[in-house]
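Undergrad: Read in order, the letters of the sequence shown correspond to residues -15 to -1, 1 to 1128 in mature numbering (1 follows the signal peptide of the UniProt record, and there is no 0).
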Amino acid sequence: MKFLLLSSLVQLGYCITPNQKLTDTRHYVDPIERKASLNAGSEFGFQKREDAPQLPALPVPGVPAAGAPSLPATGAPAAGAPSLPGLSSLPGLSSLPGLSSLPGLSSLPGLPGGGAIHKAKREAEPQLPPLPVPGVPAAGAPSLPATGAPAAGAPSLPGLSSLPGLSSLPGLSSLPGLSSLPGLPGGGAIHKAKREAEPQLPVLPLPATGAPAAGAPSLPGLSSLPGLSSLPGLSSLPGLPGGGAVHKARGLPSVPGVPKVPKVPIPAIPKVEKKVGKNVDKKVGKKIGHEARGLPAVPGVPKVPTVPIPAVPQVKPPTVEPKVEHHEARGLPSVPGVPKVPTVPIPAVPQVKPPTVEPKVEHHEARGLPSLPSVPKLPTLPIPAVPGVKPPTVQHEARQDTGSLPSGIQRPPQLPIVWNDTVASINQTYETYIKLFNTTVQNILDTVGSPAEATFNNTILPYLRAQNLAYTAISPLSIYEFSSKPSEVNDEVNSGETIYDNASDDLFTNEAFFALVDHLYQATGNATDGSLSVEEQIVLTKVWGLFAEAGLNIPAGAQRDQFQAANRRLDEIYNQFNAILGNGTSTFLYFTADELEGVDPETISQLKNGTGENAGKLQVSVLDNVADIVTYAVNETTRYTELFEYRRQYQENIALIQEAIQLRVQVAQLAGYESWDDYAIDGNMAKTKQAVEDFLADVTTHVQVKADAELKDLNDVKKQNGTIVTPIGDEDILYTWDFNYFANIRDAEKFGDLGANTFQYWFPANVTVPATLEFYGEIYGTRYDRIQGQDADALSPTGNGTDLVWHPDVWLYAVYDSQAYIDAHPEVTDHFRGYLYLDLFKRPVTKAGRGSFMAPISPGFVKEDGCLQYPTAGAFLYNDKSDDESKIPSFITESTALFHELGHCHHQLLSRTTYARTHGPGGVPIDFIEFPSQFMEMNYGNIYEVYERISTHWSSFSAEAAAAWRKDSGADASAPLPPVTYPQDLFERNKESQKAYVGGDTISQVFLATYDQTLHGYTSLEAANTTDVSVTWNTLIRNITETPDPSDILKRFDWGWGETTFQHIVWPIYTGAYYGYQWALVYAEDVFYTAFASDPFSSETGWRYRTEILQPGGARDPNDSLEAFLGRAPNKDGFYKYIGVPA
C-alpha cells in the first residue's frame, strides 16, 4: 500500500472476521491501496441512513472552533481573491440563478451573473448541506491553512466472545453544484441509490504533503482418560455460585500535543490495592488475520492497480483474552479464544452420563487430553532451558511414534484432531467442560478453606489444569465455520459457546473463589523471593485479572454495578458497529462515459445504465468501484466526487464511537486508572502511555522527512502532467483524491511494467508452499511431513484419513525438529513440535472472502502427568483453486501473506510453556503478537534468494504446460518461455517501487495510533462528552499526514466521517493499543538488522531466535526475551535502516 490517508477499516492480519479469530489487521486510512504484493484487503460495507444521528461540531482539543479566524485553503483563493482559474470558462455558469448569493463569489472577476448550486434529491437519504464551490470558502466556515502550514469465524452470539474469563477456559447523495455545471464533460449529476446486498468495502490510502499539519454418537475413550474421574465432587456441583456478566473494555492514550480537558470527578472509589493490567487475559478473537494490515508493501511483488478492500467482520466480537494476532491484522492468535476443535474425550464423571462408545470409531482419542493409558510411556524428555523461564517438568511421554506410516514417514507421538463432530457431540463437549470447571472450583473452595491458606498449588494450579483441558477440547470447534460439515454443526458451536460463556461469567463473579485468588495475588503476585517462578507470577496475574475485569475488585454496590453495566454496553456497541458495517447497502453515483475516461473498459462494461434523470449515464457503486475510479479516472472532479462520497458512509457509527469513549472513561476510573489508555497499555510491552507517545513521536521525527519527499515526488508529477481535466482546487497541488492516480503514472514511468498480472504464474502452490517450508525449516531447525492418502488413513483413529481435515482442500503436516537441529542439541530428546494445517484456497460460502489469517487451533502445555500436549496451528489464505490441476496449477497469489501467517504458526508450534494461558501468540501482549509474523513477512519478502528458491514458472512443468501457457498468453508456438525462476530484475524493480512509499505508510499508521490514543486519553467525562469524533479524525489526519484533502477546499473539518469504518476504535483488544502494529514491526526490524541481515538463513542465529524469543511465549515479558536475544535493550535503529533514514 502507499499512503493510508483516508479512512476505512481493515483487521493477526489477525484479518477479517475479527469477531471470531485473532487478527493483526491494520486499518487502511484510504479506500485505495496500491499494495504491490497483491495483498487482498478486508472489505467493510457501510451504509447511510436517514435516521443516523447527526452530531453537532463540538470543540476538540487542538481543533479550531467555528468562527475562528480563517486561513486560505490550500490551492484555492480565499474569499475576495481575484479569480478562480478555469471557473469562468464553464459555459452556462452565468445562467445559474442565485450564484451571486454565495459569499465572496460575486466579487470574483470573470464570473458573470450568479448561480444556484442544486442538490439531487434521493429517497431515504439525508441531504448533505450545501457545499461550497471548489475553491470558494463557505460562509462562516473556519478555514484551513494553506499547504505547507499546519492546519488547525464462526459467528457467535452478541457479547459472547467478549466475556472476560471465557478465553481462559481451555479448551454527495449528490455533490452540490456538480450536476449543474455544464462545463463538466457529459454532465455531472451525481445521485445515490440504495442496494440490497452490499458487497464489502475497500479503503483508500492517500498521500501526505510536505508541511506539518446436542445427541451424537459417543466419544470413545472418554472414560479411559486418566485423572478426570479422580476430581472430587465433580458430580455434586449444583452450579457455580455468584453471577454476572463478565465483560471488558479498554482505552487509549492521549495524543501528543493535544491538551487534555480537566478531569471530571467520578464518585469516590475505595482504593484498590493492585490494579489489573490492561491486557491481563484479554479475550481476544481466535483468528490472527491479515486481510488489511496497513503495513508497508513488500518489495519484490508486483503491484496491483486496484487494491482489494477489507472484508466485513462478523457481528460477534473477538473473544478477548490477553492479546494476540494479523492483523491481519493486524489481530493475533491468543491461546484463549483460539479457534475451536471437535469434541474432546474426557474421563467419565459421577452424575455425568458417559458417552456411548460406538464400535470401530475411536472418536477423539487424542484431542488435547492426557495420553491414553494403553500407550507405553517413555522416560523424561528434557526441554531446552530458557533464561528467566521455568521450563515445564516433563516426567514421561506417551508415544506412538516407535514405527512409521505407510509412506515411511515417522508416526507422530500424538494423534491429530479428528474433525467428525456432530451436533450431539459438540453439545456434550460444552456440557462436560462446564461441569469440569464447576467441579474444579467447588473442590478448591472445599479444600482450601480460608484465604490465608490459599497457595498457588491448591488454588491456581487446579484451575489452570482444568483450563488446559478445556482449551484443547473447545478451541478447535470454531474451525467448523470453514468446514464441509452441515451448517447445523457450526450453529451448534455458536449455541454451545453462548452457554459456555455464561458459565464463565458465573465463574469469575464467584466471590468465594475471588477471595482466595485475591489474597494470594496481593501477597505473592509480585514476589521476588523465588516462591513463584516468572511464569507462575504471570498466570496468577492473568487469573486475578479475569475477576478484576468482572468488577470483583470493586466493592459490591453501585460502583460495581456501574462498571459491569458499562462493560456490557461496550460489548453491545462493538456488535452494533460491526452489524452496521456488515449489513450496510451501497450507494451509487452516476457518471457519463467521458467522466470515466481512463477506467478499465472491462470495469465500465460491467456497470449498469442509469434510468430516469440519470439516463445516458453509468451507475457506479461507491463502495465497489472506488479503487478503480480514484486510481484510473482522468477527470479530477470524478475522482474527488467518488472519494468525497466514499468518506461519508455509515453515519450511525458516529454516535456509537461517541458513547464508547464516554463509557471507557468511567470503566477505567472505576478500575483505578486515570484514563482508558492507561488501563489499556498497563501490562503491555510499552507499560505506559508516555512510552507510547514517545515512541510515536520518535518514529514521526525520523520518518516524516521521507514521507514529505515521497509526496513531493508525486506533486511534481502532477505539476508536470499538463492534462488536468476539470480540476478541483489548485492544479499544482496533489490532493488525497490525486494520490493513486499520479502514483500510477509515476510508477509506470519509473519502474516500467511490474508484471502484476503475471506474477502468480511463478508461484504454483505445489512448488511454493513446500519450498517456503524448506527455508523456514532451515532458519528454525524444523522439518515438515505432509500427512495424506494412506498415511492419513493409517493415522486416523477412525481409519478414514479425511476425518483429519475439516475440508478436502486442507493440507496437514506433522512438524518435527530437523536432523541438523537434533545433532546440534543432544540435550533435547523430544523432537515433535505439533501439527500445522494449511487452508490455502477459497471456497463458496464457507470460505469465500479475501485476505489471510492464522488460527492457533489448540495450545501446547505440560499435562498433569508431566507429559507434553503438543500444539496445533492453522494458516488460512484465499487463493483461487484450479478447476483442473492437470492442466494448470493453483497459484499462491500473495507470497508475503504466506510468510506472515507462517510466522504466527511457528510462534504457536515452537513455543513451549507449562500452561496454555502463556502459550505462543495467545499468551503474549497485544503489542508483541505481530512481531513473529512481521519479522518474516517484511524481511524475507525483501530477499531475492527467497523468491528464487520458491518460484518455478508453471510453463516449465512439461511440454503440455508450455503449450497451454503460450495459448493462454496469446503467444505463437515458437515464442520463448518465461524464465523458470522469478526474474531478479523484475524483483528489484518491484522492491524499489514498494520502498517508494514506506515513509507515507508509516506516517499513516502513526495517525491511526494517534487517533486511538486521543479518543482514549481523556481523563474526564466532560472531555469525552464534548469531543466531535469526526472533526478530531479529520483534523488529525490533515495535520499528521500533511496532505491536502477536502477540508482544504471546503474550509471546514466536519466534511466527512472516516472513523465510522475504523473497527479498531471499538474493538476490545485494540482500543488504546492500535500502536501495537507499529511497535511490533519496529522491534522486529531491530532483531533482523542486528542478527540476521548479514546471513538471513543462518541456522545458528535462527535457532537462538527460536529459543530466546519464540519458545518462551508469554511465560516471560517479551522485553526480557528481546534483551536476552540482542544482549541489550531493543531500539529503533534497525527499523530506520529498513525505512532508509538516519537513526
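Idealized CB from N, CA, C, for every residue including glycine.
Could you have a look at Y1121 and say whether DSSP puts it in helix, strand or coil?
TA: Reduced to three states, the DSSP call for Y1121 is helix.
Undergrad: Just reading off the beta strand (DSSP E) that N864 is part of, what are its end residues?
TA: Per DSSP, N864 belongs to the beta strand (DSSP E) from 857 to 864.
Undergrad: Got a sec? Which residues, its chain only, sit under 8 Å from H504 by beta carbon, not counting five neighbours each side?
TA: Answer for H504: P436, A437, A439, listed in chain order.
Undergrad: Please give the ranges of any alpha helix (DSSP H) in the segment 883 to 923, keeping only runs that are unbroken, at least 4 residues long and fully inside the region.
TA: If we require 4 residues or more, the segment 883 to 923 turns out to have no alpha helix (DSSP H) run fully inside it.
Undergrad: So what does DSSP say about Y418, is it helix, strand or coil?
TA: The answer is helix: DSSP assigns Y418 an H, G or I state.
Undergrad: If you follow the alpha helix (DSSP H) that W1064 is part of, which residue opens it and which one closes it?
TA: Residues 1061 to 1072.
Undergrad: Suppose contacts are defined by Cβ-Cβ distances below 8 Å. Is T1045 in contact with Q634 by that definition?
TA: The answer is yes: Cβ separation under 8 Å.
Undergrad: Taking the Cβ atom as the reference point for each residue, do R1091 and Y765 lie within a distance shorter than 8 Å?
TA: Taking 8 Å as the Cβ cut-off, R1091 and Y765 qualify as a contacting pair.
Undergrad: At what residues does the beta strand (DSSP E) containing I842 begin and finish?
TA: Where I842 is concerned, the enclosing beta strand (DSSP E) stretches over 837 to 843.
Undergrad: On a Cα-Cα basis, can you pick out the residue from D738, Y1123, L1006 that is closest to D970?
TA: Measuring from the Cα of D970, the nearest candidate turns out to be D738.
Undergrad: Here's a check: name, in chain order, each residue in its chain whose Cβ is nearer than 7 Å to the Cβ of E695, leaving out the five neighbours to either side.
TA: The residues are A981, Y982, G984, G985.
Undergrad: Mind reading off the beta-carbon distance from L789 to I772? Whole number of angstroms is fine, and I expect it under 8 Å.
TA: L789 to I772, Cβ: 7 Å. Contact.
Undergrad: How long is the line joining the alpha carbons of G1099 and T767, rounded to whole angstroms?
TA: G1099 and T767: Cα-Cα distance of roughly 22 Å.
Undergrad: Is it true that the CB of T407 sits closer than 8 Å to the CB of W661?
TA: For W661 and T407, no; Cβs fall outside 8 Å.
Undergrad: Since A428 and Y900 should fall inside the 8 Å C-beta cutoff, what is the C-beta to C-beta distance between them, to a whole number of angstroms?
TA: The amino acid at residue 428 is misidentified as Ala; the sequence shows Asn. Not confirmed; about 19 Å, so no contact.
Undergrad: Assign D679 to one of two classes, buried (16 or more other C-beta atoms within 10 Å of its C-beta) or exposed (fewer than that).
TA: So D679 ends up on the exposed side.
Undergrad: List the DSSP bridge partners of L797.
TA: Its beta-bridge partners are Y822.
Undergrad: Quick one: what does DSSP say Y575 is sitting in, helix, strand or coil?
TA: DSSP places Y575 in strand when its eight states are reduced to three.
Undergrad: Taking contact to mean 3 or more Cβ pairs, one atom from each stretch, closer than 8 Å, check whether the segment 841 to 849 and the segment 803 to 810 are in contact.
TA: They do not touch, by the three-pair rule.
Undergrad: Does DSSP classify F748 as helix, strand or coil?
TA: The answer is coil: DSSP assigns F748 none of H, G, I, E or B.
Undergrad: So, are the CB atoms of F467 and D865 less than 8 Å apart?
TA: Going by C-beta atoms, F467 is not nearer than 8 Å to D865.
Undergrad: I'd like to confirm something about A551: is its beta-carbon nearer than 7 Å to some heavy atom of the ligand FMN, or not?
TA: Looking for the ligand FMN in the displayed structure turns up nothing, as the structure carries no ligands at all.
Undergrad: Where does F1120 land, buried or exposed, given buried means 16+ other C-beta within 10 angstroms?
TA: By the 10 Å Cβ count, F1120 comes out buried.
Undergrad: Run through DSSP, which three-state label would K527 get?
TA: The answer is helix: DSSP assigns K527 an H, G or I state.
Undergrad: Do you know whose CA, among Y720, Y559, G542, S571, lies nearest L1035's CA?
TA: Among Y720, Y559, G542, S571, the Cα nearest to that of L1035 is on Y720.
Undergrad: Is it buried or exposed, P829, if we count other Cβ atoms within 10 angstroms and call 16 or more buried?
TA: Exposed, since its Cβ has fewer than 16 Cβ neighbours within 10 Å.
Undergrad: Give the range of the alpha helix (DSSP H) segment to which T1020 is assigned.
TA: Per DSSP, T1020 belongs to the alpha helix (DSSP H) from 1014 to 1026.
Undergrad: In terms of residue numbering, what span does the beta strand (DSSP E) encompassing Q604 cover?
TA: Looking at the DSSP string, the run of the beta strand (DSSP E) that includes Q604 is 603 to 606.
Undergrad: Is the number of C-beta pairs between the segment 638 to 650 and the segment 544 to 564 that are closer than 8 Å three or more?
TA: Contact holds: three or more Cβ-Cβ distances are below 8 Å.
Undergrad: Just the Cα atoms here: how many angstroms apart are I589 and F884?
TA: If you take the alpha carbons of I589 and F884, they lie about 35 Å apart.
Undergrad: Just to confirm my understanding: we take V1014, look at its own chain, exclude 5 residues before and 5 after, and list those with CB closer than 7 Å. What are they?
TA: Contacts found: I639, I642, Q643, L1000, E1044.
Undergrad: Count Cβ pairs between the segment 864 to 878 and the segment 741 to 760 that sit closer than 8 Å; are there 3 or more?
TA: Yes: at least three Cβ pairs fall under 8 Å.
Undergrad: In whole angstroms, give me the CA-to-CA distance for F760 and A948.
TA: Their backbone Cα atoms lie some 31 Å apart in a straight line.
Undergrad: Leaving out five residues before and five after D717 in sequence, what residues of the same chain have Cβ atoms less than 6 Å from its Cβ?
TA: Correct list, in chain order: K704.
Undergrad: Can you grab the Cα-Cα spacing for the pair P355 / T414, in whole Å?
TA: Residue confidence for P355 is low, a pLDDT of 37 falling below 50, so the modelled location carries little weight; the figure read from the coordinates is stated next. Cα to Cα, P355 sits roughly 16 Å from T414.
Undergrad: Would you kindly check if the distance between the Cβ of V991 and the Cβ of L681 is under 8 Å?
TA: Yes, these two residues count as a Cβ contact at 8 Å.
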